[in-house]
Amino acid sequence: MSAPGSLEFFLLSQAEDTGGSRKGQWGWVGPRGSGDKCIREVWCVTCGLSVPRKPPAMALGLFRVCLVVVTAIVNHPLLFPRENATVPENDQEIIRKMQAHEEKMQLERLRLEEEEAQMAAEKEAPEQVAEEGQQQQETLALNLWTTLCMILFLIIEVWRQDHLDGPLPECPGGDEDELPVLGSAPLRGVTLPSQAMLGHFHEHGIRGTMADAARTREFVEGFVDDLLGALRKLCNQDTDMEVEDFIGVGSMYENWPADRPLLCHLFVPFTPPEPYRFHPELCCSGRSVPLDRQGYGQVKVGRADGDPLGCICGKTKLGEDMLCLLHAKQSGAQPCGEMEDLLCAPESPYLDTMRVMKWFQTALTKAWQRIAHKFDFDLAFGQLDTPGSLKIMFRSGKAIPFNLIPVIQSDNSDLHFVSHLPRELSGETPASSTDWLLSFAVFEQHFLRITSKGLPEGACHLSCLQIASFLLSKQSGMEGACGLGASGLSTYHLKTALMHLLLSRKASDWKAAQLHSRLQELLCFLEKSLLEKKLLHFFVGNRKVPEALGLPEAVRRAEPLNLFRPFVLQRGLYRRTVDSFYKMLENAPTLVSEYSLRVPSSQASLSTKAVVL
Numbered sequence: 001m002s003a004p005g006s007l008e009f010f011l012l013s014q015a016e017d018t019g020g021s022r023k024g025q026w027g028w029v030g031p032r033g034s035g036d037k038c039i040r041e042v043w044c045v046t047c048g049l050s051v052p053r054k055p056p057a058m059a060l061g062l063f064r065v066c067l068v069v070v071t072a073i074v075n076h077p078l079l080f081p082r083e084n085a086t087v088p089e090n091d092q093e094i095i096r097k098m099q100a101h102e103e104k105m106q107l108e109r110l111r112l113e114e115e116e117a118q119m120a121a122e123k124e125a126p127e128q129v130a131e132e133g134q135q136q137q138e139t140l141a142l143n144l145w146t147t148l149c150m151i152l153f154l155i156i157e158v159w160r161q162d163h164l165d166g167p168l169p170e171c172p173g174g175d176e177d178e179l180p181v182l183g184s185a186p187l188r189g190v191t192l193p194s195q196a197m198l199g200h201f202h203e204h205g206i207r208g209t210m211a212d213a214a215r216t217r218e219f220v221e222g223f224v225d226d227l228l229g230a231l232r233k234l235c236n237q238d239t240d241m242e243v244e245d246f247i248g249v250g251s252m253y254e255n256w257p258a259d260r261p262l263l264c265h266l267f268v269p270f271t272p273p274e275p276y277r278f279h280p281e282l283c284c285s286g287r288s289v290p291l292d293r294q295g296y297g298q299v300k301v302g303r304a305d306g307d308p309l310g311c312i313c314g315k316t317k318l319g320e321d322m323l324c325l326l327h328a329k330q331s332g333a334q335p336c337g338e339m340e341d342l343l344c345a346p347e348s349p350y351l352d353t354m355r356v357m358k359w360f361q362t363a364l365t366k367a368w369q370r371i372a373h374k375f376d377f378d379l380a381f382g383q384l385d386t387p388g389s390l391k392i393m394f395r396s397g398k399a400i401p402f403n404l405i406p407v408i409q410s411d412n413s414d415l416h417f418v419s420h421l422p423r424e425l426s427g428e429t430p431a432s433s434t435d436w437l438l439s440f441a442v443f444e445q446h447f448l449r450i451t452s453k454g455l456p457e458g459a460c461h462l463s464c465l466q467i468a469s470f471l472l473s474k475q476s477g478m479e480g481a482c483g484l485g486a487s488g489l490s491t492y493h494l495k496t497a498l499m500h501l502l503l504s505r506k507a508s509d510w511k512a513a514q515l516h517s518r519l520q521e522l523l524c525f526l527e528k529s530l531l532e533k534k535l536l537h538f539f540v541g542n543r544k545v546p547e548a549l550g551l552p553e554a555v556r557r558a559e560p561l562n563l564f565r566p567f568v569l570q571r572g573l574y575r576r577t578v579d580s581f582y583k584m585l586e587n588a589p590t591l592v593s594e595y596s597l598r599v600p601s602s603q604a605s606l607s608t609k610a611v612v613l
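Just so it is clear: in the sequence shown, position 122 is 122 by the UniProt record's numbering, and no numbers are missing.
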């Protein structure tokens, strides 16, 4: 503890040590050693101010304030010079150098990384090539595996479809894989009867029907003349269709009827009344024709002057039971003023085959009712699905069937548009009702007649066709009796094959003594066509046909038509047809022998002499 007045003395002495000047210092003014109470004032030696002395607590606060002021003055930046003023400038330079060095290092690092990447790429290039080659091999193996899987799947699917079809009764070896291939033994090694046996069989087993065929043909033609005459009398020449004379076609008119019952096929052309006419359109020319419409055509009805269709029913008065062939007469069953088109398809200028057949069937019924009293027999329709199939039924029970088929002649040629056929290929997809079948029956008849003139006398070409047709007819009858499915083979296919052989063989190859060879060749040709599923139409697209026939140029230039195309689409039909064909060959010796034995002995002796000659 200092004595009273020591503080004042200390401050005053410090002020005096500065040269006696009171400026800048604080001191106590008062007598030294007089105690706190005798101090009168406090003065500042710096500014010369004097403050009355206060009690000690107040003095301490003033002292603290002065100390703060002094400290602020001493630390003021303007009081002392800044000796390190260049430091920030040096720092900026250092920072710039460091940044430049960092950029340089960055560039160096990038260069090193690039060199490293290049070295790595050079090192990995062979490995990458090898890896790509391995990937290609794996892809190829995967594609090969996928292809094999698809082939296996298709095989399984085909087998499944065959399995679902089920095996045919009494038809072993139905699978196509079991069928003989080309180059194997022809006709499965079946041996046909000898030349002598075939000649004897044809002379007395088949040729004997020729006399009956002539009588049957004469009787049917006479009756059809009367029937069509009655039909014409029912029609009005100015407003109704004009029915022309019939045309005989088929085996009965080509001199090769093979089996009973003898069946006449008669075409009945008809034309529209004036001023209308038919405009046939072929569908066999051009690549744009769908496959299912090849061999068909359409018949457009129009006026001769090109005007649109119009009804001419009102120009004349029809009978109560007569129908206009273009329109139906107003009846009580129809609304007043409405007329039904009987021949053209609805809202179409093309003839409808179904309506034509309905009209023809109705007209034949009315015509028969008109003349039925003149005959001692009845006339009935033979097949419901064939309107022109008729049957003359005698009281004795004997029947004579024949077919009347309404047709339209194409542009004054022998090509005809047929509304239906007596027997279409089994399994064929039905065509549109406006599609008419193209019939070359008259051309076929002319071709056989012209060809026969250039062949040796007694040529065997028709004999081959008769024997083959006879065997096919008997085989079809046996299969029908057993309840087997119908075969897709018909006599038309046999005739087509024969015409192809006639066009390719020399005339001297058709002598009567070569009946066995030509029959075997015909059957081999048919076998080859079956195995290939390809039998071309003889006229459509065949430019080897003689021009003397007058075949339309559009038919000659058309794409060839495959008659066995249904076999490609329908496997079940194809298997049945092939099996039926080989069974026919197997049964041929038995059938020839059996029907040869049925010949009376008197005729048999004569036939033996004929064979020897």
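Built from N, CA and C at the ideal position, the CB exists for glycine as well. As the structure is a prediction and not an experimental result, all values here were calculated from the model.
Item, Value
"Within the chosen definition, does the stretch 540-558 reach the stretch 208-219 through at least 3 CB pairs nearer than 8 angstroms?", "no"
"Could you please give the first and the last residue of the uninterrupted beta strand (DSSP E) stretch that includes S469?", "Looking at the DSSP string, S469 is not in any beta strand (DSSP E); the run it does join, the alpha helix (DSSP H), is H461 to A481."
"Between L597, K511 and L471, which lies nearest to D259 when the distance is taken from Cα to Cα?", "L471"
"Check for me: the alpha helix (DSSP H) holding K233 runs from which residue to which?", "T209 to L234"
"Look at the Cβ atom of K528, then the Cβ atom of F564, and state whether they are nearer than 8 angstroms.", "no"
"Whole angstroms is fine: what's the gap from K511's alpha carbon to N412's?", "36 angstroms"
"Along the alpha helix (DSSP H) that carries C524, what are the first and last residues, could you check?", "L515 to E532"
"Taking the C-alpha atoms as reference points, what is the distance between M393 and T362?", "20 angstroms"
"Do you know how far the Cα of H204 is from the Cα of S602?", "For S602, the predicted model reports a pLDDT of 37, less than 50, meaning its position is unreliable; a value from the coordinates is still stated below. C-alpha separation (whole angstroms): 11 angstroms."
"Just reading off the beta strand (DSSP E) that P269 is part of, what are its end residues?", "C264 to T271"
"Whole angstroms is fine: what's the gap from R518's alpha carbon to Q195's?", "11 angstroms"
"What are the boundary residues of the alpha helix (DSSP H) that A588 is part of?", "R571 to L597"
"Would the stretch 371-378 count as touching the stretch 224-242 if we require 3 or more Cβ pairs under 8 angstroms?", "yes"
"Residue range of the beta strand (DSSP E) that E281 falls in?", "Y276 to L282"
"Over what stretch of residues does the alpha helix (DSSP H) that includes L192 continue unbroken?", "No alpha helix (DSSP H) contains L192, which DSSP labels as neither H nor E."
"If we require 3 or more residues per run, which beta strand (DSSP E) segments fall completely within the stretch 114-166?", "none"
"Just the C-alpha distance for I247 and F440, rounded to the nearest angstrom, thanks.", "13 angstroms"
"Relative to the C-alpha of E444, which candidate in L62, M197, S463 and N255 has its C-alpha closest?", "N255"
"Can you give the beta carbon distance from L526 to L561, rounded, assuming they're within the 8 angstroms contact cut?", "About 17 angstroms; that fails the 8 angstroms criterion."
"CA-CA distance, G314 and V356?", "Reliability of the predicted coordinates at G314 is poor, the pLDDT of 45 falling under 50, and the value obtained from them is presented with this limitation in mind. Rounded to the nearest angstrom, the two C-alpha atoms are 21 angstroms apart."
"Between E274 and K300, how many whole angstroms is the CB-CB distance? I'm expecting something under 8 angstroms.", "No, E274 and K300 are not in contact; Cβ-Cβ is about 17 angstroms, not under 8 angstroms."
"So the alpha helix (DSSP H) G250 belongs to, where does it begin and stop?", "No alpha helix (DSSP H) holds G250; DSSP gives it neither H nor E."
"Determine which residues share a DSSP beta bridge with A399 and list them.", "M393"
"Which same chain residues, not among the five before or five after E178, have their C-beta less than 8 angstroms away from its C-beta?", "With a pLDDT of 49 at E178, under the threshold of 50, the modelled position of this residue cannot be trusted; read the value that follows with caution. Nothing listed; no residue qualifies."
"Cα separation between S410 and K358?", "22 angstroms"
"Distance check for H416 and I156, CA to CA, integer angstroms please.", "46 angstroms"
"Please classify R576: is it buried, with 16 or more other beta-carbons within 10 angstroms of its beta-carbon, or exposed?", "buried"
"Alpha carbons only, please: which of M252, K391, L591 and G541 is nearest the one belonging to R217?", "M252"
"Which of helix, strand or coil does DSSP assign to V540?", "coil"
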